[in-house]
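Undergrad: Input: one structure, supplied below.
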Ligand code: URA
Ligand code: CA
């Protein structure tokens, strides 16, 4: 097989065979095929697209390019959730105990990573004593006993995707539905998921700004999952403003506790119920999405989801009393309000700009070496569609210093006030 012929075939709109796709992925992973040829192929895919079969083959070739996690020592259907990236997205912290309380195993492998706030593990480490240093055996035992455990990600998963994603980044080939879909799905499958629930964000602040693109991406990932034997569902959700009110690590833990208590922001609860219902249904704990949603509402109302969160925290060395007394979480020394400069209605809150402001406060990592301050962040007091009077606070900034002038200006620039505005619809579609 010659790579130049495979580039030519895709360039001219042909369909590559399973063996041809495998040849490209394996050859690129071990260095036999150079960057320039894979770049040309990726650009051909960008313009010519891939069939459903090619997409599934590309996904599985990337899964098999490295190690895979075997979760067969954990009983039940392992359902994983993936979000295409939001700002202040507290859903994982709520969903993990909520879905576990329904009896669906939550065997979560999480990372730290870069971003506006830390990853799920950083957020959980805001709880005094909480740690993820479990052996693989302890991890499985905890999930089998309690339905929930979190461990740090290890192993060389999907090296082909790492290399290809980095190449796409510098060759203007990231924005290709088949390449994005196979990239995301390969990572979930390699991490051991039997079933997958996707939260595809759309709007300013999302990776897929355009709603039609978000729908196409969601449909592409669902098709791949179902073709390779992993039941997959997706929710398309609005990210034109941050989800919930809190953006910051300890602040989001507090928001998750409020939500499990039934006192959280409505939008966060709505999205957690939409995603959680799909997880519980795919996990086999309910016969329909409607039944799953009713079950989750019962678990919230009865306090069982909150109890599961306490059990989970205690299992991982943390202090479960933070759930009843969130003041035990790390708190920033300064709280600074953001008074509105005019009256009207909040008409826009650019999610990624608000996320960047939280990162500047120290809530997230700009580089792998940055240290996170778990206490800092932003708590919104208004959301899009809310009425506001001049002088009323739009947000509270939780900071390590009083010198937050840059953050204030960024927030003013990110929040628009107009004579009228409506709140956006959060759940835009289900696939
Ligand atoms: N996120 C991924 O993991 N892969 C892509 O290709 C794009 C976004
Ligand atoms: Ca939030």
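In full-length UniProt numbering, the protein residues as written are 1 to 431. For each residue, glycine too, the CB sits at the ideal point set by N, CA and C.
(1) Any chance the segment 68 to 82 sits against the segment 309 to 318, with 3 or more Cβ pairs inside 8 Å?
(2) For a test of the three-state rule: what should DSSP assign to residue 337, helix, strand or coil?
(3) Closest by CA to residue 248, which one among 43, 95 and 379?
(4) Cβ-heavy atom distance between residue 343 and ligand 1 below 7 Å?
(5) Using a Cβ-Cβ cut-off of 7 Å (strictly less than) and excluding sequence neighbours within five positions of residue 230, which residues of its own chain qualify?
(6) May I ask which residues mark the beginning and end of the beta strand (DSSP E) holding residue 110?
(7) Going by DSSP, name the residue or residues bridged to residue 423.
(8) Going by DSSP, which residues form a beta bridge with residue 380?
(9) If we call anything under 8 Å between Cβ atoms a contact, is residue 83 one with residue 90?
(10) May I ask you to check if the CB of residue 174 is nearer than 7 Å to at least one heavy atom of ligand 1?
(11) Taking 8 Å as the CB-CB cut-off, is residue 97 touching chain B?
(12) Would you report the Cα separation of residue 11 and residue 41, rounded to the nearest angstrom?
(13) Rounding to the nearest angstrom, what Cα-Cα distance links residue 52 and residue 19 in this structure?
(14) Going straight from the alpha carbon of residue 100 to that of residue 187, what length do you get?
(15) Suppose the cutoff is 8 Å on Cβ atoms and the five residues either side in sequence are ignored; what does the same chain contact list for residue 33 look like?
(16) Would you tell me roughly how many angstroms separate the C-alpha atoms of residue 255 and residue 246, rounded to the nearest one?
(17) Using 8 Å as the threshold, is the C-beta distance between residue 385 and residue 372 below it?
(18) Please name the residue or residues paired with residue 349 in a DSSP beta bridge.
(19) Kindly indicate the opening and closing residues of the beta strand (DSSP E) around residue 151.
(20) So, does the segment 156 to 173 touch the segment 55 to 73, judging by three or more C-beta pairs under 8 Å?
(21) Just checking residue 217 against ligand 1 - is the residue's beta carbon closer than 7 Å to any of the ligand's heavy atoms?
(22) Could you tell me which residues DSSP puts in a beta bridge with residue 237?
(23) Tell me which residues share the same chain as residue 182 and place their Cβ nearer than 6 Å to its Cβ, disregarding the 5 neighbours each side in the sequence.
(24) Residue 79 lies in the beta strand (DSSP E); which residues open and close that run?
(25) By alpha-carbon positions, which one of 37, 205, 391 and 105 ends up nearest to residue 116?
(26) Answer yes or no: do residue 391 and residue 340 have a C-beta to C-beta separation smaller than 8 Å?
(27) According to DSSP, is residue 113 helix, strand or coil?
(28) Would DSSP call residue 243 helix, strand or coil?
(29) So, with DSSP's three-state summary, where would you put residue 229?
(30) I need the straight-line Cα distance from residue 37 to residue 175, nearest angstrom please.
(31) Would you say the beta carbon of residue 39 is closer than 7 Å to some non-hydrogen atom of ligand 1?
(32) Would you mind giving the Cβ-Cβ distance between residue 219 and residue 431, rounded to the nearest angstrom? I have them listed as a contact below 8 Å.
(33) Within 7 Å: the Cβ of residue 28 and any heavy atom of ligand 1?
(34) Does at least one heavy atom of ligand 1 sit under 7 Å from the Cβ of residue 46?
(35) Any heavy atom of ligand 1 closer than 7 Å to the Cβ of residue 420?
(36) Please report the residue range of the alpha helix (DSSP H) in which residue 53 lies.
TA: Checking against the coordinates, here is how it stands:
(1) no
(2) strand
(3) 379
(4) no
(5) 189, 193, 194, 195 and 196
(6) 106 to 110
(7) DSSP output for residue 423 lists no bridge partner at all.
(8) 395
(9) no
(10) yes
(11) Among the chains in the structure shown there is no chain B, since it carries only a single protein chain.
(12) 8 Å
(13) 15 Å
(14) 22 Å
(15) 3, 24 and 27
(16) 7 Å
(17) no
(18) 415
(19) 148 to 152
(20) yes
(21) no
(22) 201 and 427
(23) 55, 58 and 59
(24) 79 to 83
(25) 205
(26) yes
(27) coil
(28) coil
(29) coil
(30) 19 Å
(31) no
(32) 5 Å
(33) no
(34) no
(35) no
(36) 52 to 63
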